[in-house]
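2 protein chains.
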Amino acid sequence: MRPTVHDIAAAAGVSLATVDRVLNQRPGVRHVTREKVETAIRDLGYVRDVAAANLAKGRVYPLTFILPASDNSFMHGLNAEIRAAIARSVAERTDIRIVEVPAFDPQALVRELEMLAAEKPSGVALVATDAPDVRAAVDRLVKDGIPVVTLVSDLTGSLRHHYAGVDNIAAGRTAARLLGRFLGGAKGEIAILAGSMLVRDHRERLEGFAAVMAQEFPALHLLSVLEGRDDPEVAHMLIADALAKNDGIIGIYSLGAGNRGLIRALKEKAVDRALTVIAHELTAHTRAALLDGTIDAILNQDAGHEVRSAIRVLKAKADGLSVIDAQERIRLDIFLKDNLP
Amino acid sequence: MRPTVHDIAAAAGVSLATVDRVLNQRPGVRHVTREKVETAIRDLGYVRDVAAANLAKGRVYPLTFILPASDNSFMHGLNAEIRAAIARSVAERTDIRIVEVPAFDPQALVRELEMLAAEKPSGVALVATDAPDVRAAVDRLVKDGIPVVTLVSDLTGSLRHHYAGVDNIAAGRTAARLLGRFLGGAKGEIAILAGSMLVRDHRERLEGFAAVMAQEFPALHLLSVLEGRDDPEVAHMLIADALAKNDGIIGIYSLGAGNRGLIRALKEKAVDRALTVIAHELTAHTRAALLDGTIDAILNQDAGHEVRSAIRVLKAKADGLSVIDAQERIRLDIFLKDNLP
DNA sequence: CTGTTAGCGCATTCAA
DNA sequence: TTGAATGCGCTAACAG
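Residue numbers (the UniProt record's numbering), protein chains in the order written: chain G, 1 to 341; chain Y, 1 to 341.
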């Protein structure tokens, strides 16, 4: 039978309350007493029963998710996954709130983070816009003792406890190798469609992509990046235009959202052209395009995994517990038409 | 505040014990009383607090994992992941035991399953050898009310509750498309190295691979399957021999284990040949080979995820709870040298 | 500074 | 067929 607080109390010759005090590092225990209890804990190999503790405390974890108010399938999916987590709240003792802030707007994000500092939730998850002010606001939360997890796009250099998202440099590199290998030594131009160079994840994907292309596929020439602001209309316009003007394009890498527009442009302008296309994020649109051959491969991050992982990590940090690193690693999913979920 | 058993008891005008009886469908309750309680449960929207229930019961979940005693990196990895889960046993209220049985030996597996029927653990996970007797033994366990999960290799047609492993037909198809695209229209022969056609996962991979190859890459001709019994020595011999005898081989698909031997053969016999190679399972050996260019892509199943998933599912089934399907889906990981974990 | 006591939500004797 | 009482492991008043 595993030891309980009673066993420790007996072994240390103190009462339950005192054991509880040292266990939860509360003040009001003489140094020697504390030592005695700590020794007993170590000797008996005590591990606290978190479930019982939570029951006694009636603990719930108020968590806040801050998302950009972007109208694209990926963000809708992320939102849906959080709502699914909300539906499980009772069993998981969470109390989750979703807050939307204008996209690509650091100041709005900062304001929200400052309000949260007052609310003192058990944890905060945010899709970070990469700006110094945001970093400062996040650091402030962390210093106040509130666990913070970045979601989808990281905030390197900040004190955030954890990043729940894919390695975007690796994603870009993978896209490059896939595209290069699929094109098998052909010579030509590659168009690149991004959302915005203001968000870190897109910048990193581009960086990884360009690096591998330059190093391993010199026969392929990268055109300058098209910024579609993750908006299907803008993306459509940009791609249609590029295809019309440039006959040498043989490959496209779409590293942001708004792929609806890309796909429409391809179906209108490129039915008769041999084009190899790699895109990010599995949505209803990209899935259909992969199946009908318009897209050759999709790189994806599992939004459900990201949300569940963020919640697990925030709860663990709130309790000072450790996590299973391998379980929290968000992998880069590669989908061909054969291994779709 | 969410309703508790007390609230139900009050609402139904009965005692806690009676509420508990209907909650756990125990006998000794008049029909009318039962109805009253059930109405109260529904009206108040009661959901049982599983953590509290487990505390009161002092519940632990004795689980048994049955693995083939195969000496390859993948099985070693699987074993290690189970041991990692054992290390977490205290917190997760599990009591996990690993049993090894001779590989590819249905009768040994059946004997073990029959012994388990007597022990009545909370759940059983097994790497299934595909045979009618095994199916019958599994069905027997299920009918006895013991949750059963197949791991890595499934047992279709049996009553097992869940399969924690990848879709191997999809894996084979994906391997074919990757190989075909990487070879970009070249014409030549493809060597296939399997472990044994007696295990379902290998048969399914081959099936998927052959289907896509026949349909989409007619210029590539599949040689007859080499069975390496997941043994590095045998694999080495078979591949070295094939390469020596056949100059037309331009691609290799290794769908089983024992890749150490394959890699050694490639380094000895094929340094001067342009060979595209796809293999299964990420191990220290295949990882190194991917990085140095000997292998072009690795298809993988995350053993850690499989083990954690099997445990979650077995616990849930033992309690009659539902699982999050997306969380329990084991995906096919595709690794290029750029996205290694 | 330390101890006593009463729960958290549920399961389980033992009586009635 | 039903109910009262006790305890699971832990926390948190409230006394001392």
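Glycine included, C-beta positions come from ideal geometry on N, C-alpha and C.
Item	Value
For Tyr61 of chain G versus Thr94 of chain G, is the C-beta distance shorter than 9 Å?	yes
So, using beta-carbon positions, are Leu198 of chain G and Ile239 of chain G closer together than 9 Å?	no
Alpha carbons only, please: which of G:His76, G:Leu155 and G:Ala84 is nearest the one belonging to Leu109 of chain G?	G:Leu155
List the endpoints of the continuous alpha helix (DSSP H) containing Ile149 of chain G.	The question names Ile, but residue 149 of chain G in the sequence shown is Val. No alpha helix (DSSP H) contains Val149 of chain G, which is instead part of the beta strand (DSSP E) from Val148 to Leu151.
For the beta strand (DSSP E) holding Asp95 of chain Y, just list the boundary residues, first then last.	Thr94 to Val101
Run the CB neighbour count on Asp333 of chain Y, radius 10 Å, all protein chains shown included, and call it buried at 16 or more, exposed below.	buried
At a CB-CB cut-off below 7 Å, which residues of chain Y make contact with Thr174 of chain G?	Leu336, Asp338 and Asn339
Under 9 Å between C-beta atoms, does Ala170 of chain Y make it to chain G?	yes
Would Ile250 of chain G and Thr276 of chain G qualify as a contact pair, given that the criterion is a beta-carbon distance under 9 Å?	yes
In whole angstroms, what separates the C-alpha of Ala186 of chain G from that of Asp292 of chain G?	23 Å
Would you call Glu204 of chain G buried or exposed, if buried means 16 or more other Cβ atoms sit within 10 Å of its Cβ?	buried
If we count the other Cβ atoms within 10 Å of its Cβ and call it buried at 16 or more, is Gly28 of chain Y buried or exposed?	exposed
Do the CB positions of Pro341 of chain G and Ala279 of chain Y come within less than 9 Å of each other?	no
Residues of chain G with CB closer than 9 Å to the CB of Asn24 of chain Y, please, in chain order.	Simply none; closest approach about 18 Å.
Just to confirm the assignment, what range does the beta strand (DSSP E) spanning Gly256 of chain G have?	Neither: Gly256 of chain G is in no beta strand (DSSP E) and is coded neither H nor E.
Do Gly123 of chain Y and Thr64 of chain Y count as a contact pair if the criterion is CB distance below 9 Å?	yes
What are the residues in the stretch 177 to 196 of chain Y lying within 9 Å of chain G by C-beta distance?	Arg177, Leu178, Arg181, Phe182, Leu183, Gly184, Gly185 and Ala186
Between which two residues does the alpha helix (DSSP H) containing Asp7 of chain G stretch?	Val5 to Ala12
Work out the CA separation of Gln107 of chain G and residue 357 of chain G for me, nearest whole Å.	It is not possible to answer for residue 357 of chain G, since the shown part of chain G is limited to 1 through 341.
What's the gap between the Cα of Leu126 of chain Y and the Cα of Ser73 of chain Y?	18 Å
Can a CB atom of chain Y be found closer than 9 Å to the CB of Arg331 of chain G?	yes
Against Leu55 of chain Y, what residues of chain G qualify as contacts under a CB-to-CB distance less than 8 Å, listed in chain order?	Asp49, Ala51, Ala52 and Leu55
Identify the continuous alpha helix (DSSP H) that holds His305 of chain G and give its terminal residues.	Ala303 to Ala318
Where does Phe209 of chain Y sit, in a helix, a strand or coil, going by DSSP?	helix
Have a look at G:Val90, G:Arg83 and G:Ala170 and flag the residue whose alpha-carbon is nearest the alpha-carbon of Gly45 of chain Y.	G:Val90
Could you tell me whether the Cβ of Val212 of chain G comes closer than 9 Å to any Cβ of chain Y?	yes
Ignore the nearest five residues each way along the sequence and tell me which others in Ile41 of chain G's own chain have a CB closer than 7 Å to its CB.	Ile8
Would you grab the beta carbon distance between Leu226 of chain Y and Ala191 of chain Y for me? Rounded to a whole angstrom, and I think it's under 8 Å.	7 Å
At the level of alpha carbons, what is the spacing between Asp167 of chain G and Arg331 of chain G?	8 Å
If I'm right that Ala117 of chain Y touches Arg97 of chain Y with Cβ under 8 Å, what's the distance once you round it to whole angstroms?	Going by Cβ atoms, the distance from Ala117 of chain Y to Arg97 of chain Y rounds to 15 Å, so no, they are not a contact pair.
Sorted by chain position, which residues of the same chain lie with C-beta nearer than 8 Å to Pro102 of chain Y's C-beta, five sequence neighbours on each side aside?	Pro68, Ala69 and Ala108
Count the other C-beta atoms from every protein chain shown that fall within 10 angstroms of the C-beta of Pro218 of chain G, then say buried if there are 16 or more, exposed otherwise.	exposed
Pull out every residue of the stretch 287 to 298 of chain G whose Cβ sits closer than 7 Å to any Cβ of chain Y, in chain order.	none
Which value, in whole angstroms, describes the spacing of the CA atoms of His221 of chain G and Glu81 of chain Y?	45 Å
When you compare only the Cα positions, how much space is there between His305 of chain G and Arg30 of chain G?	45 Å
When you compare only the Cα positions, how much space is there between Ala288 of chain Y and Leu193 of chain G?	33 Å
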